[in-house]
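Undergrad: Let me give you the structure first, and then I'll get to my questions.
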């Protein structure tokens with residue numbers, strides 16, 4: 392089967408997740424990937440005889456200290472569209488004439504969805520964002536954020552409407568409220584599946600925002616060794632300050648620090664949260680301002696008993712997190728996931744059904 396696979400370029404989590412799905416798909420199918428942003432460079436390295444990767448232009452968000460800047464986002468995308476739209480038209484013509492896909496899979500990516508709509512192809516959605524729109528959420532999980540929920544929900548709903556099927560990856564399981572929707576455990580990269588959790592005493596801290604100037608002192612007062620990524624992005628080697636160890640980013644070292652940590656302190660991005668839950672590492676999740684999806688992730692994390700949500704990191708909340716680590720570990724011990732088998736096997740069945748033009 393010839394599959395057009397669209398990957399949104401905003402954030403690397405989509406690319407890392409898609410890499411796993413693409414590795415499975417190319418064992419049986421011919422795949423053409425369209426991807427924007429930084430994700431292109433990551434996926435282009437995986438191009439092969441059965442996997443072609445083409446760069447397109449896509450919508451991006453502008454950040455400042457982990458806060459979404461709405462006006463800068465509008466200006467940034469208006470400028471990008473001037474050169475991006477002609478690039479997308481060229482890609483459209485080339486794929487239409489040479490590849491001629493039979494089905495489309497979209498990881499929250501609009502260009503591939505519109506291609507499928509124009510050519511009357513079945514479109515399959517694989518992402519974590521659709522949980523906002525296609526599942527029911529208890530009022531207490533939305534409390535204080537009802538306006539953000541309604542806005543985000545409308546955006547997510549409009550992103551890939553009327554898909555053949557929605558495969559949603561998640562570590563929490565609210566009831567679905569729409570048909571043709573299934574929930575699956577998070578898609579995990581091979582490096583995480585190979586990692587073996589071991590008990591440790593340090594905290595893994597991943598923070599790229601510099602707005603909380605007091606954070607280093609707060610972490611220092613915790614009394615725990617803290618292995619910190621993101622705060623000092625200019626360093627080339629480890630910098631030690633008492634119980635704080637500032638580290639340059641290394642995927643291998645980061646995963647090792649994750650699997651041996653007592654807990655994780657980071658934003659509420661879905662990819663790292665799914666990895667922490669799989670490795671049974673408690674998490675203190677601090678959502679990026681202006682991203683309701685992260686707020687929802689963090690609140691579900693706390694409701695499941697896998698960690699705590701926080702608007703910001705302070706002495707009180709960090710202390711509560713450390714004090715309850717044993718409780719979170721006990722709850723996380725009940726979480727089980729058989730690698731990526733659930734999603735990949737169900738996706739293959741959906742592809743077979745799409746080829747026949749009949750939903751399961």
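In my numbering, the protein residues as written are 392 to 751.
Using N, Cα and C, we set each Cβ at its ideal position, and we do this for glycine too.
Quantities reported herein were computed from a predicted structural model and do not represent experimental measurements.
Is the beta carbon of residue 602 less than 8 Å from the beta carbon of residue 709?
TA: For the purposes of this step, residue 602 is taken as the residue at position 211 of the chain shown. For the purposes of this step, residue 709 is taken as the residue at position 318 of the chain shown. No.
Undergrad: Since I believe residue 668 is in contact with residue 701 (beta carbons under 8 Å), could you give me their beta-carbon distance rounded to a whole number of angstroms?
TA: For this step, residue 701 is matched to residue 310 along the chain shown. For this step, residue 668 is matched to residue 277 along the chain shown. At roughly 17 Å, the Cβ-Cβ gap does not stay under 8 Å, so residue 701 and residue 668 are not in contact.
Undergrad: If you follow the alpha helix (DSSP H) that residue 648 is part of, which residue opens it and which one closes it?
TA: Within the chain shown, residue 648 is the residue found at index 257, counting from 1. Residue 648 -> alpha helix (DSSP H) spans 642-650.
Undergrad: Ignoring anything shorter than 3 residues or poking outside the region 591-657, list the beta strand (DSSP E) runs there in chain order.
TA: Entirely contained in the region 591-657, the beta strand (DSSP E) runs reaching 3 residues are, in chain order, 594-597, 617-620, 630-632, 635-638 and 654-657.
Undergrad: Might you give, ordered along the chain, the residues of its own chain that have their beta carbon closer than 6 Å to the beta carbon of residue 695, omitting 5 neighbours on each side?
TA: Counting from 1 along the chain shown, the entry for residue 695 is found at position 304. Within the same chain, residue 695 has close Cβ partners 563.
Undergrad: Need the endpoints of the beta strand (DSSP E) that residue 442 sits in, please.
TA: Here the question's residue 442 lines up with position 51 in the chain shown. Where residue 442 is concerned, the enclosing beta strand (DSSP E) stretches over 442-446.
Undergrad: Beta carbon of residue 407, beta carbon of residue 580: below 8 Å?
TA: Within the chain shown, the letter at position 16 stands for residue 407. Within the chain shown, the letter at position 189 stands for residue 580. Yes, the Cβ-Cβ distance between residue 407 and residue 580 is below 8 Å.
Undergrad: Residues in the same chain with beta-carbon distance under 8 Å from residue 683, minus the five sequence neighbours each way, listed in chain order, please.
TA: Counting from one through the chain shown, the residue named residue 683 turns up at place 292. Cβ neighbours of residue 683 beyond the five flanking positions: 523, 536, 539, 540, 542 and 543.
Undergrad: Tell me whether residue 516 sits in a helix, a strand or coil according to DSSP, three-state version.
TA: Locating residue 516 in the chain shown gives position 125, counting from the first residue. Looking at residue 516 - three-state DSSP - the assignment turns out to be strand.
Undergrad: Among 643, 632, 649 and 585, which has the Cα closest to the Cα of residue 592?
TA: Position 201 of the chain shown, counted from the start, is the residue given in the question as residue 592. Closest by alpha carbon: 649.
Undergrad: Which residue marks the beginning of the alpha helix (DSSP H) containing residue 546, and which one marks its end?
TA: Counted from its first residue, the chain shown places residue 546 at position 155. Element bounds for residue 546: 537-550.
Undergrad: With residue 729 as the anchor, note down where its beta strand (DSSP E) starts and where it stops.
TA: As a position in the chain shown, residue 729 is number 338, starting the count at 1. From DSSP, residue 729 is part of no beta strand (DSSP E); its letter is neither H nor E.
Undergrad: Looking only at its own chain, which residues have a Cβ that is under 8 Å from the Cβ of residue 469, when we skip the five neighbours before and after it?
TA: Here residue 469 refers to the residue found at position 78 when the chain shown is read from its first residue. Any reading at residue 469 is ruled out, since the residue's pLDDT is 41, under 50, leaving its predicted position unreliable.
Undergrad: For a test of the three-state rule: what should DSSP assign to residue 407, helix, strand or coil?
TA: Within the chain shown, the letter at position 16 stands for residue 407. Looking at residue 407 - three-state DSSP - the assignment turns out to be helix.
Undergrad: Does the Cβ of residue 525 have 16 or more other Cβ atoms within 10 Å, making it buried, or fewer, making it exposed?
TA: Taking the first residue of the chain shown as position 1, residue 525 is located at position 134. Under this definition residue 525 is a buried residue.
Undergrad: Looking at residue 572: is its Cβ nearer than 8 Å to the Cβ of residue 737?
TA: Mapped onto the chain shown, residue 572 falls at position 181. Mapped onto the chain shown, residue 737 falls at position 346. Contact: no.
Undergrad: Check the DSSP bridge columns for residue 510 and list the partner residues they point to.
TA: What you label residue 510 is simply residue 119 of the chain shown in a count that begins at 1. Residue 510 pairs with nothing; no bridge assigned.
Undergrad: Less than 8 Å separating the beta-carbons of residue 514 and residue 486?
TA: Counting from 1 along the chain shown, the entry for residue 514 is found at position 123. Counting from 1 along the chain shown, the entry for residue 486 is found at position 95. No.
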